Amino acid sequence: MRSFSRECRQSSQPFLHQRGEEGERRRGTGDTLLDDFLLTYPVFMSTSDLCQALLGHYCTKRHRGKEDRKEALERKRKVLHMVSQWVALCKDFLREDEHVKLFMKTLCRYVLDDLYEHPALEKDVRELQRLYQLHRRHAVDEYSPQRKSKALFHQLSLRENGLQSRGTQSETKEVLCHVYITIDSYLGMRVHAGILAQELLQAVAERMDVPQGELVLVAVTYPGGRLLLQPQDRVFSDSLRPVGRLHACRKDLGEVLNPFTDNSELQQRTARMLSLNTWDVAVALTNFDWTIFDSMHEQELVYFTFNRHASSSHTVALELLLQRCNEVQLWVMTEVLLCPTLCKRVQLIKKFIKIAAHCKAQRNLHCFFAIILGLNTAAVSRLSQTWEKIPGKFKKLFSELETITDPSLNHKAYRDSFKKMKAPKIPFLPLLLKDITFIHEGNKTFHDNLVNFEKLVSL
Numbered sequence: 001m002r003s004f005s006r007e008c009r010q011s012s013q014p015f016l017h018q019r020g021e022e023g024e025r026r027r028g029t030g031d032t033l034l035d036d037f038l039l040t041y042p043v044f045m046s047t048s049d050l051c052q053a054l055l056g057h058y059c060t061k062r063h064r065g066k067e068d069r070k071e072a073l074e075r076k077r078k079v080l081h082m083v084s085q086w087v088a089l090c091k092d093f094l095r096e097d098e099h100v101k102l103f104m105k106t107l108c109r110y111v112l113d114d115l116y117e118h119p120a121l122e123k124d125v126r127e128l129q130r131l132y133q134l135h136r137r138h139a140v141d142e143y144s145p146q147r148k149s150k151a152l153f154h155q156l157s158l159r160e161n162g163l164q165s166r167g168t169q170s171e172t173k174e175v176l177c178h179v180y181i182t183i184d185s186y187l188g189m190r191v192h193a194g195i196l197a198q199e200l201l202q203a204v205a206e207r208m209d210v211p212q213g214e215l216v217l218v219a220v221t222y223p224g225g226r227l228l229l230q231p232q233d234r235v236f237s238d239s240l241r242p243v244g245r246l247h248a249c250r251k252d253l254g255e256v257l258n259p260f261t262d263n264s265e266l267q268q269r270t271a272r273m274l275s276l277n278t279w280d281v282a283v284a285l286t287n288f289d290w291t292i293f294d295s296m297h298e299q300e301l302v303y304f305t306f307n308r309h310a311s312s313s314h315t316v317a318l319e320l321l322l323q324r325c326n327e328v329q330l331w332v333m334t335e336v337l338l339c340p341t342l343c344k345r346v347q348l349i350k351k352f353i354k355i356a357a358h359c360k361a362q363r364n365l366h367c368f369f370a371i372i373l374g375l376n377t378a379a380v381s382r383l384s385q386t387w388e389k390i391p392g393k394f395k396k397l398f399s400e401l402e403t404i405t406d407p408s409l410n411h412k413a414y415r416d417s418f419k420k421m422k423a424p425k426i427p428f429l430p431l432l433l434k435d436i437t438f439i440h441e442g443n444k445t446f447h448d449n450l451v452n453f454e455k456l457v458s459l
């Protein structure tokens, strides 16, 4: 990390002025600082404030002395360069922002007005118009994270992805809802917390391309209880226990819905799992996680840590990857606990140990942690008879893998192991968020009404 102490005022104009003075002398560091500023500005100012500051700096004139045409041109081009960098870094976040759309339109008009006085801006005008056209496009381009994630979600299971196109953040809290359509496949969709059963059924029917009138929504609890939700019932209420699962099923099949007590189904479930190649499972898990991780923008970490209460529309991929960790952990635990016989349970634990080792070999420490934590849950670790039957070499391997998850010395074992890995690699996201939160809580954002930019750079 660069060792320097730098602060900028709450307005972005001093930052731009500083770049003007030092840009030619420290081009590489300046561009890095600009990236840091553009990625972390939501900590201390809104997007609307930044747009106004940029427009003001583009149109301003020096108060001291007379600014010649060359200096004015340089100042305007620096603003345009900053806008170009901003769009390149944060295009997915800026695409839906109405303030940015209006800002781009206004800036284009200002630059066109200046073209007669400053013909050298012609190249910048073309670039700015190209960026403005990108914001006017409604369709998501084929290389966007949303489309890439959707394809892989379809490939791995029937589940729809949670990386939906980001919309304008509503005042109502949004939640990620899972509606099961088979015993182990569900549709994932982001809905508002006050959604009614009929509204959720309508969304499910559209996804499944079936008439809504043929479906009912049933809340199933793990002890086997069932609650048929009426059309006007709120899905997320005190009457639906947190451990419940939502099932959408045909009206004539609602009475036989009980996937947790069919022993023949459990036998088939275990047999299917044992028949899978451990390396192939690890590859599938890693590909799945990598697509979500690759779609995650750096600013999602900033929004999640610094502005958590207003970040639901800006942290979709991050929240999905965190949820993915919980899902894998619960999947491992569920598969082991639902295994009906001792010998097959031993085989299943051996298989999960090998899958965890393969995930580590594929540099997917996010999924690796989830599997190890799943095997270390109290419900699984207390199966003493099962663990006694595990061969010695698998116990030794599991012990070696466990040391990486050891939290002592601030997770030193994990950090050392992660540093030695070559890129690309997937970190354990909860620990990364812990480090960012530690930086946030341990350092002030402002000092004497100035932004502590050193803190933001350290992120």
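Residue numbers (UniProt numbering): 1 to 459. Note that beta-carbon positions come from the ideal geometry of N, C-alpha and C, so glycine has one too. Just so it is clear, the structure is predicted and the values come from calculations on it, not from any experiment.
Counting every other CB atom within 10 Å of its CB across the protein chains shown gives His-447 a total below 16, marking it as exposed.
About 22 angstroms separates the beta carbon of Gly-392 from that of Val-332, a gap too long to meet the 8 angstroms contact definition. When DSSP assignments are scanned along the segment 180-214, the uninterrupted stretches of beta strand (DSSP E) that are 3 or more residues long and fall wholly within it turn out to be 186-192. Judged by DSSP secondary structure, Ala-248 falls outside any alpha helix (DSSP H) and instead within the beta strand (DSSP E) spanning 245-250.
Between the alpha carbons of Glu-174 and Pro-42 lies a gap of roughly 21 angstroms.
For Glu-300 and Leu-39, the gap between their C-alpha atoms comes out near 10 angstroms. Secondary structure of Cys-108 (DSSP, three-state): helix.
If you ignore the 5 residues before and after Thr-32, its C-beta comes within less than 6 angstroms of no other C-beta in its own chain. The residue among Val-336, Lys-425, Met-421 with its C-alpha nearest the C-alpha of Arg-382 is Val-336.
Distance from the CA atom of Val-210 to the CA atom of Ile-195, rounded to whole angstroms, is 20 angstroms. Under the three-state reduction of DSSP output, Arg-130 falls in the helix class. Per the C-alpha coordinates, the member of Gln-362, Ala-357, Leu-187, Lys-420 positioned closest to Glu-400 is Ala-357. By the 16-neighbour rule on beta-carbons within 10 angstroms, Thr-286 is buried. Taking C-alpha positions only, Thr-305 is separated from His-440 by approximately 8 angstroms. Around the beta-carbon of Asp-416, fewer than 16 other beta-carbon atoms lie within 10 Å, marking it exposed. In the three-state reduction of the DSSP assignment, Phe-236 falls in the coil class, being assigned neither a helical nor a strand state. Each of Arg-190, Met-189, Val-216 was checked against the Cα of Ala-197, and the nearest Cα belongs to Val-216. The shortest CA-to-CA distance from Ile-372 to any of Ile-349, Thr-386, Ile-390 is the one to Ile-349.
Here DSSP, grouped into helix, strand and coil, assigns His-297 to coil. Leu-433 has its alpha-carbon roughly 11 angstroms from the corresponding atom of Glu-319. Rounded to whole angstroms, the separation of the alpha carbons of Lys-422 and Val-380 is 33 angstroms.
Looking at the DSSP output, Val-216 shares a beta bridge with Cys-249.
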